[in-house]
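For the sequence shown, the positions run 1 to 192 when full-length UniProt numbering is used.
Note that CB positions come from ideal geometry on N, CA and C, so glycine has one too.
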Amino acid sequence: MLRSEAPFDYPPSLQMYMVSGKQFVQQNPRYHVVCTGIVVFNDVGKLLLVRRAANEKAYPNMWEIPGGMVDDTDETIIHGAIRELKEETGLTATKVVRKVGEMEFTSDKKDGSEVRWIKHIFEMEFEDIDALVLDPVEHQQHLFATEDEIGSDRVGDIELKYISPPNKVIKLDAFRSRNKPVSTSVNGIQVV
Numbered sequence: 001m002l003r004s005e006a007p008f009d010y011p012p013s014l015q016m017y018m019v020s021g022k023q024f025v026q027q028n029p030r031y032h033v034v035c036t037g038i039v040v041f042n043d044v045g046k047l048l049l050v051r052r053a054a055n056e057k058a059y060p061n062m063w064e065i066p067g068g069m070v071d072d073t074d075e076t077i078i079h080g081a082i083r084e085l086k087e088e089t090g091l092t093a094t095k096v097v098r099k100v101g102e103m104e105f106t107s108d109k110k111d112g113s114e115v116r117w118i119k120h121i122f123e124m125e126f127e128d129i130d131a132l133v134l135d136p137v138e139h140q141q142h143l144f145a146t147e148d149e150i151g152s153d154r155v156g157d158i159e160l161k162y163i164s165p166p167n168k169v170i171k172l173d174a175f176r177s178r179n180k181p182v183s184t185s186v187n188g189i190q191v192v
């Protein structure tokens, strides 16, 4: 594990995300916007889902993982993800465990031109689940779900509706990635 100047650890395999969003876009010019998603599990292995506020312009009442855009003021992509986790849930990240995956999508500007987004999804550990408090401007409800519940789109009597099918897939991928050790290659040597 590497220690950043911020109070969180991350594996060497995530060093490439210790660049600003602006630097990432310069290095990957097909993208215009960098955003993040954060996967967190409670102590019994359930995944945190948050429900978008009913008055959100985009995708009201949909279930998602915490996350958002990497701001120009964020030191790195990972710092942006940690900030989003704190802003949306009140949780303080202590460790970035792994990258779960990424999603690409597009939107249109008013002038009709296309904006290409990339969303990096990271699993994180956090300090204290009791600190979980949603920002009511962005989210109205939270719950923790098992892999089977996400697969069936239901937690008890709550129906889980996602922004898109890939949003559901990435949540299921988060469970699958937990069953794999975090490994990377450093100077040609496999490190777990």
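Under DSSP, F122 forms a beta bridge with I38 and K99.
The straight-line gap separating the alpha-carbon atoms of E147 and G112 is approximately 39 angstroms. When secondary structure is reduced to three states using DSSP, F8 falls in the coil class, being assigned neither helix nor strand. In the three-state reduction of the DSSP assignment, E138 falls in the coil class, being assigned neither a helical nor a strand state.
Beyond the five residues adjoining it in sequence on each side, Q140 comes within less than 7 angstroms, by CB distance, of R51, A53 and A54 in the same chain, given in chain order. Under the three-state reduction of DSSP output, I158 falls in the strand class. Look at M18 here: in three-state DSSP terms it is coil, with no helix or strand label. Counting along the chain, V50 sits inside the beta strand (DSSP E) bounded by residues L47 to R52.
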